[in-house]
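Notes for the one structure printed next.
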Amino acid sequence: MIRIIKEESRLDADVTSIEILSCFDNIGIDMNINKTFPKILIKQSLKFKFYTKVADTRKTNGDIPLDCDILFVCIGQRPYTKDLGLDSVGIKLNQLGRIEVDKNFQGTRKDIYIISDCIQGSM
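Residues in the sequence shown are numbered consecutively from 3, following the working numbering.
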């Protein structure tokens, strides 16, 4: 999604990204980058509304109106961890079906590295 809004912004479009979570939480990279990257994007005139849910796309006298000409909807990724046999090798899932990892992408087994849709954050 960030790629799309950056490109639209370069075309002088007024762009606001509405995220149900923060796309910068636990993205699996250095925490300094995690804190700096949003500031860089905001300096590039990108706007973000984190922890915000779009309830409707009709014109109303509702909560927080946001006029737009184009609406991109990205549905996100769900973890594909079902029936992989992870429990048989000692890897545990959280309540969302994702594998908890440390900063080195290691879960409960330190000899197995975990990435992609199985963990929290961007792929």
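Glycine included, C-beta positions come from ideal geometry on N, C-alpha and C.
Of the residues 38, 40, 95 and 56, the one whose Cα lies closest to the Cα of residue 110 is 95. For the pair residue 93 and residue 55, the CB atoms are not nearer than the 7 Å cut-off. Comparing alpha-carbon positions, the option among 47, 37, 100 and 91 lying closest to residue 14 turns out to be 47. Sequence-distant Cβ neighbours of residue 120 in its own chain, meaning closer than 8 Å and more than five residues away, are 81, 82, 83, 100 and 101. Around the CB of residue 73, fewer than 16 other CB atoms lie within 10 Å, so the residue is classed as exposed. At the C-beta level, residue 20 and residue 51 come within 7 Å of one another.
Relative to the Cα of residue 103, the nearest Cα in the group 117, 91, 90 and 97 belongs to 117. About 6 Å separates the beta carbon of residue 68 from that of residue 18, a gap short enough to meet the 8 Å contact definition. DSSP places residue 50 in the uninterrupted beta strand (DSSP E) bounded by 49-51.
Assignment of residue 98 by DSSP, reduced to helix, strand and coil, places it in the coil class.
For residue 117, there is no enclosing beta strand (DSSP E), as DSSP marks it with neither H nor E.
Bridge pairing for residue 18: 49 [DSSP].
Looking only at 45, 112, 108 and 105, the smallest Cα-Cα distance to residue 12 is reached by 45.
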